[in-house]
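Chemist:
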Amino acid sequence: MPLARIDLAQGKSPDYRRTVGDVVYDVMVATVNAPKDDRFQIITEHPPDGVIADPSYLGLRRTANCIFIQLTLNEGRTLDQKRAFYKAVADGLHERLGVRREEVFINLVEVKKENWSFGNGEAQYAQ
Amino acid sequence: MPLARIDLAQGKSPDYRRTVGDVVYDVMVATVNAPKDDRFQIITEHPPDGVIADPSYLGLRRTANCIFIQLTLNEGRTLDQKRAFYKAVADGLHERLGVRREEVFINLVEVKKENWSFGNGEAQYAQ
Amino acid sequence: MPLARIDLAQGKSPDYRRTVGDVVYDVMVATVNAPKDDRFQIITEHPPDGVIADPSYLGLRRTANCIFIQLTLNEGRTLDQKRAFYKAVADGLHERLGVRREEVFINLVEVKKENWSFGNGEAQYAQ
Numbered sequence: 001m002p003l004a005r006i007d008l009a010q011g012k013s014p015d016y017r018r019t020v021g022d023v024v025y026d027v028m029v030a031t032v033n034a035p036k037d038d039r040f041q042i043i044t045e046h047p048p049d050g051v052i053a054d055p056s057y058l059g060l061r062r063t064a065n066c067i068f069i070q071l072t073l074n075e076g077r078t079l080d081q082k083r084a085f086y087k088a089v090a091d092g093l094h095e096r097l098g099v100r101r102e103e104v105f106i107n108l109v110e111v112k113k114e115n116w117s118f119g120n121g122e123a124q125y126a127q
Numbered sequence: 128m129p130l131a132r133i134d135l136a137q138g139k140s141p142d143y144r145r146t147v148g149d150v151v152y153d154v155m156v157a158t159v160n161a162p163k164d165d166r167f168q169i170i171t172e173h174p175p176d177g178v179i180a181d182p183s184y185l186g187l188r189r190t191a192n193c194i195f196i197q198l199t200l201n202e203g204r205t206l207d208q209k210r211a212f213y214k215a216v217a218d219g220l221h222e223r224l225g226v227r228r229e230e231v232f233i234n235l236v237e238v239k240k241e242n243w244s245f246g247n248g249e250a251q252y253a254q
Numbered sequence: 255m256p257l258a259r260i261d262l263a264q265g266k267s268p269d270y271r272r273t274v275g276d277v278v279y280d281v282m283v284a285t286v287n288a289p290k291d292d293r294f295q296i297i298t299e300h301p302p303d304g305v306i307a308d309p310s311y312l313g314l315r316r317t318a319n320c321i322f323i324q325l326t327l328n329e330g331r332t333l334d335q336k337r338a339f340y341k342a343v344a345d346g347l348h349e350r351l352g353v354r355r356e357e358v359f360i361n362l363v364e365v366k367k368e369n370w371s372f373g374n375g376e377a378q379y380a381q
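Here you go:
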């Protein structure tokens, strides 16, 4: 059920962007019980001045390579699940793309199950 | 009060995109009591690899024509209103643009009335 | 902790867009207790037909110069703080860029403190 918005500066290859999406999807399934095949992602490239990440907030070093991930998902994940998600995304992007872990910015927006339609005009998750 | 973000793959005409926005607006007024003229929409075209919709999740078939609609709106809509919204958007896009209903992805994000300023630096809906 | 999405029509200078981001950041620190250097912003230019703001809703006049600001931030701000934020953003954009105050559209999305990772795969604000 999540919708992932991924924003990053232009200049990376299509393969790079696709792999960012792969990592986010794989980790969702592994850490926060997202169903298999539940992959809906919007990946946007921006000019260099379109993505602004403070270069030192909280003592981390960030550059133009910073990746923004904003995930809308159902409420109900535990703090432990959220921590596992953050860590696995940073680890996965580092391992598969060489992204420095300090440059992975993540934000979660939680909504109700009834707030999704996956097509056909139906509320597939409503109870 | 809603803000609609509409994301789709490039390659459609300006008329097509405008009509998608028309349908979302018309349906908001008809089904979830959005006030007349309350139309604020951000419609973004993406390269083909910028919008990823699983081709078969929940048994629906999705292609590069999938339309993503994320609506931020005031909390308080009933489940019936949300269902009516989903159905009417899918029906409207099908009837007016030939969009397959399976390709209409919708997500709602609910906020408080005081979380809006429509201009002039005022919180017009705060009570 | 906020993430600001700023959307506006193309045709402004890089300086203009940067200054919009400056105003939003400065006002966040001044009015809603955002920490210094907590600046994470995504500023997107759109073709003229990609940003739709009703020209007269609630009696305000809006043109293609309308600026959309959607801020995701931690829950807990008072109504007074939100009002102060709206007013100071509209004032700041007017004073520094000549933006008409009627053309400043703002929406807040509130989340929990644990819903952020600022890098390194950690939940820096979780308690």
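Chains as they are written, first to last, in my numbering: chain A, 1 to 127; chain B, 128 to 254; chain C, 255 to 381. For glycine and all other residues, C-beta sits at the position ideal for the given N, C-alpha and C. No experiment lies behind these values; they were computed from the predicted model shown.
Note down, one range per segment and in chain order, each alpha helix (DSSP H) of at least 4 residues found wholly within the region 13-70 of chain A.
Modeler: Counting whole runs of 4 or more residues, the region 13-70 of chain A contains the alpha helix (DSSP H) stretches 14-31.
Chemist: Starting from B:F245, follow the alpha helix (DSSP H) in both directions and report where the run begins and ends.
Modeler: Counting along the chain, B:F245 falls outside any alpha helix (DSSP H), and DSSP gives it neither H nor E.
Chemist: Which residue's Cα is closest to the Cα of B:V178: A:M28, A:Y125 and A:L3?
Modeler: Answer by Cα proximity: A:L3.
Chemist: Counting pairs of Cβ atoms below 8 Å between the region 58-77 of chain A and the region 199-216 of chain B, do you hit three or more?
Modeler: The region 58-77 of chain A, when compared against the region 199-216 of chain B, does not touch it at the 8 Å Cβ threshold.
Chemist: Identify the residues that DSSP records as bridge partners of A:V111: which are they?
Modeler: Partner(s): A:N74.
Chemist: Within 10 angstroms of the Cβ of B:K214, are there 16 or more other Cβ atoms? Answer buried if so, exposed if not.
Modeler: So B:K214 counts as buried.
Chemist: Taking the alpha-carbon positions, what's the A:F68 to A:D26 distance?
Modeler: Computed Cα separation, rounded: 17 Å.
Chemist: Under 8 Å, CB to CB, which of the residues in the region 233-254 of chain B have a partner in chain A?
Modeler: The region 233-254 of chain B vs chain A, Cβ under 8 Å: I233, N234, L235, V236 and E237.
Chemist: Whose Cβ in chain C lies nearer than 9 Å to the Cβ of A:K12?
Modeler: Here the premise fails: no neighbours, minimum Cβ distance about 16 Å.
Chemist: Is the separation between the beta-carbon of B:W243 and that of C:N361 shorter than 8 Å?
Modeler: Cβ atoms of B:W243 and C:N361: closer than 8 Å.
Chemist: According to DSSP, simplified to helix, strand and coil, what is C:R259?
Modeler: In the structure shown, C:R259 sits in a strand (DSSP, three-state: E or B).
Chemist: Taking C-beta pairs closer than 8 Å, name the residues in chain C that A:A53 reaches, listed in chain order.
Modeler: Going along chain C in sequence order, the residues near A:A53 (Cβ under 8 Å) are R293 and F294.
Chemist: Consult DSSP for C:V353 and reduce its assignment to one of helix, strand or coil.
Modeler: Residue state, collapsed to three classes: coil.
Chemist: If I measure Cβ to Cβ from A:A126 and keep anything under 6 Å in the same chain, skipping five residues before and after, which residues do I get?
Modeler: For A:A126, where only same-chain residues beyond five positions count, the Cβ hits under 6 Å are E114.
Chemist: What do you reckon, is the C-beta of C:A284 under 7 Å from a heavy atom of the ligand MN?
Modeler: Absent from the structure shown: the ligand MN. Ligands present: none.
Chemist: When the Cα atoms are used, what is the spatial distance from A:D15 to C:R337?
Modeler: Looking at the two C-alpha atoms, the distance is approximately 44 Å.
Chemist: Should the region 269-278 of chain C be regarded as contacting the region 341-361 of chain C, the criterion being three or more beta carbon pairs within less than 8 Å?
Modeler: Cβ pair count under 8 Å is three or more, so yes.
Chemist: Could you tell me which chain B residues have their CB closer than 8 Å to the CB of C:Q324, listed as they occur along the chain?
Modeler: Residues of chain B passing the Cβ test: L130 and T199.
Chemist: Mind listing the chain A neighbours of B:Y152? Cutoff is C-beta to C-beta under 9 Å, in chain order.
Modeler: What B:Y152 touches in chain A: nothing, since even the nearest Cβ is about 17 Å away.
Chemist: Distance, Cα to Cα, B:Y184 vs B:R228?
Modeler: Rounded to whole angstroms, B:Y184 to B:R228 spans 14 Å at the Cα level.
Chemist: Between A:G59 and chain B, is there a C-beta pair that is closer than 8 Å?
Modeler: So no, A:G59 is outside the interface.
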